Every structure is written in C-alpha cells, then in structure tokens.
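Residue numbers (my numbering), protein chains in the order written: chain A, 1243 to 1624; chain B, 169 to 808. Just so it is clear, CB atoms sit at the ideal spot from N, CA and C, and this is done for glycine as well. Everything numeric in this text was worked out from a predicted model, so none of it was measured.
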Amino acid sequence: MKTYELCWNSQNGWRHSVPDAEPITLVLYFGATETMKDASLYARLQTDFPRAQILGCSTGTHIRGRVVEDDGAIGVAISFESTRVRVAAASIGAADQSFACGVNIGTQLLANDLAAVFVLSDGLTTDGAGLAAGLSCVLPAAVPVSGALAADGARFGTTLVGANEAPGTGRIAAFGLYGSSVRCSFGSAGGWDRFGPLRRVTASRGNILLELDGEPALDLYERYLGEEASGLPATGLHYPLNILNTGDPDAQLVRTLLGVDRPARSMTFAGAIAEGSTVQLMRGCHERLVDGAALAAHRALDKRVSAPHEDRLALLVSCVGRRLLMGQRCEDEIEAVNAVLGAQTLQIGFYSYGEITPGNGPENCELQNQTMTITCISETAA
Amino acid sequence: MTAQHKLFARQLAKATSTLGQIDLELLGELVSATYEDTDRDRRRVDRATSLMAAELEELVQRREALVDELSVQQHRLEAALENMSQGLCMVDACGNLAVCNGNFADMLRVSADACAAGTVFFDLLSRSPVFENPQSGAIQRYATEYFLMTCSNRRSSLQQTWVDGRVVSISHQPLPAGGFIQTFEDVTELRRADARIAHMALHDPLTDLPNRVLLYRHLQEALSGQPPARCALLYVDLDRFKTVNDTLGHATGDELLQQVAVRLSGQVRAQDTVARLGGDEFALILRSCAGHDPIAALADRLISCISRPYELNGHEVVIGASVGIATAPEHASEPGELIRFADLALYSAKSADRGHYCFFEPEMEESMRDRRTLELELRRAITHEEFELHYQPFINLKPHRINGFEALLRWRSPTRGLIAPDEFVPLAEELGLIVPIGEWVLRQACRHAMEWAEHIRVAVNLSPVQFHRGDVAGMVRRALKETGLSPHRLELEVTESLLLQNTDTVLLTLHQLRAIGVSIAMDDFGTGYSSLSYLTMFPFDRIKIDRAFTSGIDQRPESLAVIRAVTGMCTSLGIVSTAEGVETVTQMRLLDAEQCDEVQGFLFSRPKPKCDIEVLLASWNPPESTGTALPAEKVVKGVL
C-alpha cells in the first residue's frame, strides 16, 4: 500500500507527487464547503486518477499532517497491493430515512471478504445514530465501520458529500475494503469534562430535545451562553450533552448540537436523546481535549498491525465543537495524535458534525460526538 | 533567548514568509485572536461557574427542604407507628430488625432497648418470655408455628393463645426486596366479645335463659336419638303478668320475670332446659322423662311455685301460670311439630281455666282448625257485609215510654246462619277485627237512629279492644258527621273491665267522648270487679244493672239489696239507672219501687231487626196498661 498526499489551493489547484504509473485505486478528499462546491476539483481528480474510486466531503477545517487549515482542500491517493475497493452511495432527504440509508449502503457493500467500511454522510440531514444502526443491521459483526458526518464549520449551512461524482447535498457515500491484506484499527476519545447537576430529560422526540427538568432545554443553553446565545447553534457546541448510561456510569455517550428552533424552544442533536434519560452538561478544557486526542491515537495504535510507517494512513475525524473551542490551539491535538502515531504516518482528516466509530458493543458502529476518532489503514505484504 | 510559546511559535511561523519576512499585521491578528479566544473562554468559565454555583445553591436548598420534609414525614411515621393499636415490626432481608413500634415491644414483653434497629430478629425473639420460658429455657409449643411463618415467603396470618393468656393475631407480609412486615394484635377482648355475642344470640338477655333458637337446638338434640328419646316440652305462660307490668312498671315486670326464671330453673334437672321465649312465655324440655304422671306432677309444681307470692320493690305480687304439654314420641318426634302441639295445649289451658296445665290432645288441633276457619269466615264477613243490627228498647218507667234502643250485633253467615255475638266477638277481639266491625256497628246504628223520632236514643256497645287498638273518639266523630246524628242521641256502653287496663288513657278517651256530647253508660254493672270506685273515676250518665240481679230481685233478698244500693247511689249521684233482663211485671214493679229509672228486657221486647222497629214504636203499649204478664211478647216475631 502506498499513500500520497494531495493538496489544493485556489492559486495552484491540486498539487501532488503521485507517479504516473502508480495504480491509484482510492482517493479521499476533504475541503472547505465553498471549495468543494467547485466541481472542477472532482473533475481534475478523475482525470489524474481515472481508475480510482473518489470520495470527498465538505468541512469547515481540514487536517493536513500536523496542520489545520480552513481554506482549500486536502486529499490522499492510495494504491493497494491486493486490497480491492468498492464504493456505495445513496441519497437522503430527511433524518428519518437514515436507518434505511444505512441498510441500503450496507447491502451495496456486502461481500464475503469485506474487511472494513468507511462512510461519509450529509451532516445536516442525517441522524447519525440511525445511519449507524442501519449499517449494523446489515453488515456482518466482524466488519468494523468508521466515518463521519460532513460539516460546514460554525455555519451549519450546507454540507456536501460525493462518491465518484462532484460532492452534493443529501448524499451518503461509503467505500468498502475487501481482502485479507488490509488492516484497519480505530481509536476514539473525547476528553470533555462533565459539570453541573444531573438533569432529567422530561420531554424529547427522537433527536429533538424539548425539556430538561421541566424547563425548555433552549432556556438552559441560552442562560449558560449569555451573550453568545445569539451564535446558536454553533456556540452551543461549547456545551455538549453527556447521556448517562445507568448500566455503565463510566461509559460516555456525548451528543452535540446541530440546530435550534427558537419558537418551539427545542434543540436538535446529532443523535436521539431518550425521554426519561439523565444527562449532564459538558465543557472542554484545552489540555484535557488534547489528552483525549492523544488517547484516541493510543487506542488506534494499540490495535494496529505491525507495518512500515510509510505504509500507514491515519484518517482523523475530530468534532467541529473541539475546533470551535480550541481555536488556534486546535493544532495541539493534531500534534498530539501525530506524536503518538509517528511522523511517518500520513495523517489527513477533517472536523465533522459527528464521528462514526466501531463501538464496544455488539454493533458494527455507533455515532459519537465531540471526539477525536482515528481510522488507521495499512496493508500487509501479499 | 527564552523558548517561545508553542502557539506563538506556530503563529510566528504562519506570519513568516518563505523568504523569512515577518508579516507583522498577520502576526498581530493571530495573537489578538488568541487573546480574544482566551477572554471568551474565561468569560464562559466565569459564567458557567457562577450559574453552576447558583444551581448548586438551589439544589442545596431543595435538598434541605427535602430533608425537612423527610423529617416531618419521619415524625408522622413515628407518630402513626406509635399510635397504632397493633404491634408492628419490619425486618430486612438480612433478618435484622429495621423498624418497630412500642406496642411491638410491649406485646413481646421485651424492653424498648432490646428492639434497636439492626438487632438480629431471632435473637430478639429468643429474649421474649412469650416464646421462651425464661426459667427453663423451654420454647413454647406455639412458638414453632410462629417461627415457621416468620421464615415463610408467603403472606400468611395466624392466631395464638400465648402463655400469659393473651389471644394474639399475627399477620406476616413478605416484602418484594426481601424481609417482611409483621403485625401483632391483641384480640383477647375481641374473642371474649365474640363469645359474648355468640352467647347473646342464643340466650335471653334479661334472664340469661336459652332463647327460642337454643331451645329449638336442644329439642333437636333431644329428639335426634334412634329410636327417639322420650322427652316432654312444656310451654308456660304467666297469668296476670301484663297487669303487673302495667300497674307497677316495666322494671318491676322485668324483675318478676327474672324471679320466675330462677324458680323454674330450680324445678328441673341439669340435663333439662328452661328457656324464655319472649314476653311472659317460658318453655321447658324434660329429657328422659317416663310417663304422664311425673310430667303432670312437674307441671303442678311449676304452677305452684310460680303462684307463690313475689316480693318486688315493696309490693307483694301474685301471678299464676298456665302450662301446655306435648310429649315425644307420643305426640310428635319432630321439633317443629312438638312446639306447635305444646303451644296448642297452652292455648287450650288458657282458654279453659287459667292456672292449669293441659296435655296436648289431637282434638285441639281440630279446634284450632275450626278457629282458623271461623277467622277466615269472619274476615270475609267484613268485606261481604254479612253483619246486621238488632235493637232492644230500654223503657222509661215514669212515665212508661221508649227512651231508646240498644243496638245488638248479629252475623248472618251464609254457611252457619244467624250467629250471636258471644260466638264470634271474642275471636274478633283477639284478632283486632273488632275495630273495623265496631266502626261499622256505630255508623249503622247512627244511620238507623236518624230514621227514628228525635227523642229516641241509640246505645252502642264498645269493646275494650277498640279503646286499646283504635281511635274511638275519632271513630265517633266520623260516624256522627257522616250520619248527621245529634251527639245527645248517641250513648256508648262500656264494661267495668275497660277500666282495669291503661286506666288513664281510657279515662282520657271517655272525657273526649263526653266532650263530643255523647252519653257514656256502664254496662253489666255488678258482674265484674264490682268496685264502686269505678263510678267515682268517671261521671257515667247511666248504669246498667246486670240481669243477674234483676232476675233474682223477687226471690233473693241480697239481689234486691244490691239493686237498692245501686239505684240509691245513682239517685244521689244524678246517674240514670237501667235494669237489664226484666222478664216479669213483678220484677218491673219492684224495680219501679226501688226508684230504678229505666228497664230493658224480654217483658217489653226481644231484640228486633231494624225493619220491625217502626211497628214496635207504633204499637207501643206499656205492660201495666195491658194488665197482662207479658204483653210485649205479642209483637215478638220469633227472633232472638
């Protein structure tokens, strides 16, 4: 397996050093929403890598090595020695179609030697938990799934996804890796701190939270945000919600805010929040978020197979909330990951509206929010 | 040179071109943005900290309020526990006492200190003298039953009589999370009350003798043998008890009944039964009795012992008793039948002559059947209006003229023919039918009198039963109003016996009648108790001297003496005297000589139906003017 970094800016377009003869089979690319709207990015990649499956999505900030950038685009071109790649795509019009889309994508990718799946989905329309459940419903238990919900930075305006086409809205795309040579490992961690009293969800509907302790949930957020409340839903990312698992108090299930409905005083989160459950506000401390990213890297590393560094790709999916909170210090967490994975690992990625990662339970994957989630891909010698 | 901050180094790198030139403006922007980020984050932290503190403060207040409320609830719970009548304990899943109240400790006779929360429950039980004998250490027999219940996982209850005599009801309720709740209730008094209630259900509260229900059971037992045992059932009815009750009051009457109960109980053996059936009726069951004579002897003894004088609150009281006897298996072997036969025998004993006993005879049943038939016919007679009135005149002696007529009731039965009142009035009185019959008589007599001359009066007999069971004054008012008869033409005849019972009430009614304007006569004077004091109780308008004296006036000097005394008294009191049963001119003349005002009898006329009265009035000839012995017999037309 060989990996080549692709880099796009408005002055130079795509720049890369892929040899002409290299049989690139998979290209992944992530860029600012406005950049990704430019169909020429995809067209050029198609021209450069005519035999490759090409998947991309929008983001507010992408990760290139140890650097984060808000403008331009980043990509990776991969040539596998023996691993096959297949792409699946679907359209989504509303959140309640998420489960069915998961089933659809999973069905398209099913094969006996399917080794792993990576999925990208529209970040504003998709119920990530539903999508994960749909995929888990179809795929064999041994097939891990990771991925992300496409993002639009703090704007929450438009998110784009494309598989073998120019990225568009309302799209879900995934690739499957087939064969026995490919090795994937995963790590995910948050580092957020719970704070304040425990609160009871007294009214909710799916992923729409209406009331906490009998009070409109939006009132609580506005009170805590003060003057920043005008920046909702982006500023609401400073206070993700931890959903307590009474069976396992240490397990954290974090949900991040996607939107608010001021007249209804309701808030839409990236996953369902059951009525009657107990939740707690969370806040981020820079150092512990960085520690969280390093922990995610350690977890991904712990599961890696031994392979030369240059053969390893690390796909980093961090949450937009972390980006907003850490600002310019965001690169600290990227550096922390890089310090663990090693400078020779090619690491690219982006800040998302939700991270999909293989869970600890029986499911193939689950939706996480506010985490650093890392997918390491390598290939053993044939 | 001091090491650069990592962020600043990154900012500096971003602001430095590939040629090494630093873009100060860009560097300034990056650094400034960092300061702004830091400030925002600090403000966010401040705000969150402050809000969280307020929320925590509110939570603390809420918790304190909750603690206060829990404290109040705890006090309430303790008050409820300590004020409940039962002993209560709650034991946790580990078998340790969690909660108990003071009554629990009291019930188990252990100290309150021994009942501290956390005490091993079975240790506590072993310290209770209720379950373990403190001297010998022996476990009470009932304790095992209780211990087994305590170990059970099923809801259950039991009742035990403890070593100290208490009867305790224990209920055991396992709890879902393990452990149990038990309640202990001292039901000793309740059980005693139950026993008392059971006793009261079968005994007469006044005399504590068995009541009718228990008598029946005993009779069933006595007759249940195979072949049926010989036994006798005696029904005893007290004579004149009602008079005692009416004259000396109910308290004295009750005391009399208690003394009678003692006397009766003293006459029988332990295996026999003496019961009170109610009122002045008692019954005895004699078991294993042999033959007629011993039973008769006992009945004699019973009557004799009851008839001995009683000393009641300073009064000496004498009553009598009548006894009806039925024997098994001669008369019957079934309890209900034996009771009916004893009752019939008692009825017979009372009807014949009080103060005697009477064995059951099959004819009594026939007689009772006849009586029932007569009763049915009598009731039908009322609805079919089978009654009629006959009239007998009463004659003024000076001058000789008809003053009025006494109305006399006859029953013209379609099956029995014309029946005299003495054959049916006693039954009508007993059944209360005399009230509607009497009202019909009064109304009919008034209606007839309206057809006679103004100076002719009509006399109607009233039964004491009408006074005791009916509204006599109201009845008279209605009859006068309906018929239009002037009150002064109506005379009501009562007998001495009326004044024997409820004298005050009767006198009140008599005065009401007098106020209406009708006359009141005393009938059959001299036959009953013949107390002249009755004449002073009420100012009667007329006294009717009984025919027994009239018939003997010309043969027995004592009859003449009585008539003389009565007429003399009437003259001095201004009361009209009337002699009944005058059959000869001699009798009439003697009565005239004794200043008797009026006479009545066959000498003048037998009772006649209303249709003959017009003829009688038109052809009226005084006996003396005809000079014959019985001139009036000429107009008698073969009626009674």
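Does the beta carbon of residue i sit closer than 7 Å to a beta carbon anywhere in chain B?
| i | result |
| --- | --- |
| arginine 1221 of chain A | Because residue 1221 of chain A is not part of the residues shown, which for chain A are 1243 to 1624, the question remains open. |
| arginine 1497 of chain A | no |
| proline 1439 of chain A | yes |
| asparagine 1254 of chain A | no |
| glycine 1456 of chain A | no |
| arginine 1571 of chain A | yes |
| tyrosine 1463 of chain A | no |
| tyrosine 1593 of chain A | no |
| glycine 1433 of chain A | no |
| tyrosine 1466 of chain A | yes |
Just the Cα atoms here: how many angstroms apart are residue i and residue j?
| i | j | result |
| --- | --- | --- |
| tyrosine 1653 of chain A | glutamate 1597 of chain A | With chain A represented from 1243 up to 1624, any question about residue 1653 of chain A goes unanswered, as that position is not in the structure. |
| glycine 504 of chain B | threonine 495 of chain B | 13 Å |
| threonine 746 of chain B | proline 561 of chain B | 11 Å |
| histidine 1530 of chain A | glutamate 246 of chain B | Note on identity: in this sequence residue 1530 of chain A is arginine, with histidine being the wrong assignment. Each residue's Cα considered, the two are about 51 Å apart. |
| serine 1388 of chain A | glutamine 1339 of chain A | 19 Å |
| alanine 1542 of chain A | leucine 265 of chain B | 55 Å |
| proline 497 of chain B | proline 462 of chain B | 16 Å |
| phenylalanine 717 of chain B | leucine 784 of chain B | 27 Å |
| isoleucine 841 of chain B | proline 775 of chain B | An answer regarding residue 841 of chain B cannot be provided, because it is not within the stretch 169 to 808 covered by chain B. |
| threonine 329 of chain B | glutamine 308 of chain B | 11 Å |
| glutamate 574 of chain B | alanine 621 of chain B | 15 Å |
| histidine 418 of chain B | lysine 410 of chain B | 10 Å |
| serine 1430 of chain A | valine 1559 of chain A | 9 Å |
| glutamine 427 of chain B | aspartate 372 of chain B | 14 Å |
| serine 1252 of chain A | threonine 1613 of chain A | 30 Å |
| threonine 1368 of chain A | glycine 1584 of chain A | 34 Å |
Are the C-beta atoms of residue i and some chain A residue less than 7 Å apart?
| i | result |
| --- | --- |
| alanine 216 of chain B | yes |
| leucine 219 of chain B | yes |
| glutamate 232 of chain B | no |
| threonine 202 of chain B | yes |
| glutamate 223 of chain B | yes |
| leucine 192 of chain B | no |
| aspartate 354 of chain B | no |
| leucine 187 of chain B | no |
| leucine 175 of chain B | yes |
| leucine 227 of chain B | yes |
| aspartate 207 of chain B | no |
Report back the beta-carbon spacing between residue i and residue j to the nearest angstrom; my notes put them in contact at under 8 Å.
| i | j | result |
| --- | --- | --- |
| arginine 1308 of chain A | asparagine 1580 of chain A | 5 Å |
| threonine 1520 of chain A | phenylalanine 1511 of chain A | In fact, because the Cβ distance is near 15 Å, the residues do not count as touching under 8 Å. |
| leucine 648 of chain B | cysteine 614 of chain B | 6 Å |
| leucine 1381 of chain A | cysteine 1299 of chain A | Rounded, the Cβ-Cβ distance is 21 Å, inconsistent with contact. |
| valine 1329 of chain A | isoleucine 1619 of chain A | Their Cβ separation, rounded to whole angstroms, is 15 Å, which puts valine 1329 of chain A and isoleucine 1619 of chain A out of contact at 8 Å. |
| glycine 1513 of chain A | asparagine 1449 of chain A | 6 Å |
Using DSSP bridges, identify the partner residues of residue i.
| i | result |
| --- | --- |
| proline 342 of chain B | B:Phe348 |
| leucine 401 of chain B | B:Ile453 and B:Ala494 |
| phenylalanine 1417 of chain A | A:Val1329 and A:Phe1360 |
| glutamate 246 of chain B | According to DSSP, glutamate 246 of chain B bridges with nothing at all. |
| glutamine 1589 of chain A | A:Ala1556 |
| arginine 1436 of chain A | A:Met1524 |
| glutamine 560 of chain B | B:Glu574 |
| methionine 220 of chain B | DSSP output for methionine 220 of chain B lists no bridge partner at all. |
| alanine 201 of chain B | DSSP lists no partner for alanine 201 of chain B. |
With a threshold of 7 Å between beta-carbons, can residue i be considered close to chain E, or not?
| i | result |
| --- | --- |
| leucine 276 of chain B | Within the model displayed, chain E is absent; protein chains A and B are what it includes. |
*Any 3 or more C-beta pairs closer than 8 Å across the segment 393 to 405 of chain B and the segment 455 to 475 of chain B*: Three or more Cβ pairs closer than 8 Å define a contact, and the segment 393 to 405 of chain B meets that threshold against the segment 455 to 475 of chain B.
_For the structure I just gave you, are there three or more beta carbon pairs, one from the segment 541 to 555 of chain B and one from the segment 591 to 600 of chain B, closer than 8 Å?_
Taking one beta carbon from each stretch, the segment 541 to 555 of chain B and the segment 591 to 600 of chain B have 3 or more pairs nearer than 8 Å; the two touch.
*asked:* I'd like to know if the segment 1499 to 1512 of chain A and the segment 1521 to 1535 of chain A are in contact, where contact means that at least 3 CB-CB pairs between them fall below 8 Å.
replied: Under the Cβ criterion (8 Å, minimum of three pairs), the segment 1499 to 1512 of chain A does not count as touching the segment 1521 to 1535 of chain A.
*Please determine if the segment 1378 to 1393 of chain A and the segment 1598 to 1617 of chain A are in contact, where contact requires at least 3 C-beta pairs separated by less than 8 Å.*
Look at the beta carbons and you see the segment 1378 to 1393 of chain A touching the segment 1598 to 1617 of chain A: at least three pairs across the two are nearer than 8 Å.
*asked:* Can you confirm whether the segment 769 to 779 of chain B touches the segment 730 to 742 of chain B when touching is taken to mean that 3 or more C-beta pairs between the two stretches lie within less than 8 Å?
replied: Segments in contact, no.
*asked:* For the pair the segment 1433 to 1453 of chain A and the segment 215 to 235 of chain B, tell me if three or more CB-CB distances fall below 8 Å.
replied: Yes: at least three Cβ pairs fall under 8 Å.
*Do the segment 279 to 296 of chain B and the segment 251 to 271 of chain B make contact, defined as three or more Cβ pairs closer than 8 Å?*
The segment 279 to 296 of chain B vs the segment 251 to 271 of chain B: in contact.
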